[in-house]
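Participant: Residue numbers (this note's numbering): 149 to 230.
Below you will find the structure I want to go over with you.
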């Protein structure tokens, strides 16, 4: 699939890929330069990803249901004091 670099240096990830892999706005990616003209794009893991899987595997079914990411506090940055 082909995409274009914008004047701001942004690259659009095609909708088909975003939908297939559940990529949402605000998710972060690591970019690695492999060689001249060759790059690797890798989605970074969310901090709680392993915890959510653990809770979903709990033997007491139904007591834990994950909330939509927009309902979490992942995007809140607490300023450092002092």
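Just so you know, even glycine gets a beta-carbon here, dropped at the ideal spot from N, CA and C.
Got a sec, what are the start and stop residues for the alpha helix (DSSP H) residue 166 sits in?
Facilitator: Stepping through the chain shown from its first residue, residue 166 is reached at position 18. 163-169 is the span of the alpha helix (DSSP H), which, as asked, contains residue 166.
Participant: State the start and end residues of the unbroken beta strand (DSSP E) segment that holds residue 191.
Facilitator: As a position in the chain shown, residue 191 is number 43, starting the count at 1. Residue 191 -> beta strand (DSSP E) spans 186-191.
Participant: Since residue 191 and residue 171 should fall inside the 8 Å C-beta cutoff, what is the C-beta to C-beta distance between them, to a whole number of angstroms?
Facilitator: Taking the first residue of the chain shown as position 1, residue 191 is located at position 43. Taking the first residue of the chain shown as position 1, residue 171 is located at position 23. Right, their Cβ atoms sit about 7 Å apart.
Participant: Kindly indicate the opening and closing residues of the beta strand (DSSP E) around residue 180.
Facilitator: For this step, residue 180 is matched to residue 32 along the chain shown. 177-183 is the extent of the beta strand (DSSP E) around residue 180.
Participant: DSSP on residue 200, reduced to helix/strand/coil?
Facilitator: Within the chain shown, residue 200 is the residue found at index 52, counting from 1. In the structure shown, residue 200 sits in a helix (DSSP, three-state: H, G or I).
Participant: Check residue 153 in the structure and name its three-state DSSP category.
Facilitator: Locating residue 153 in the chain shown gives position 5, counting from the first residue. Strand.
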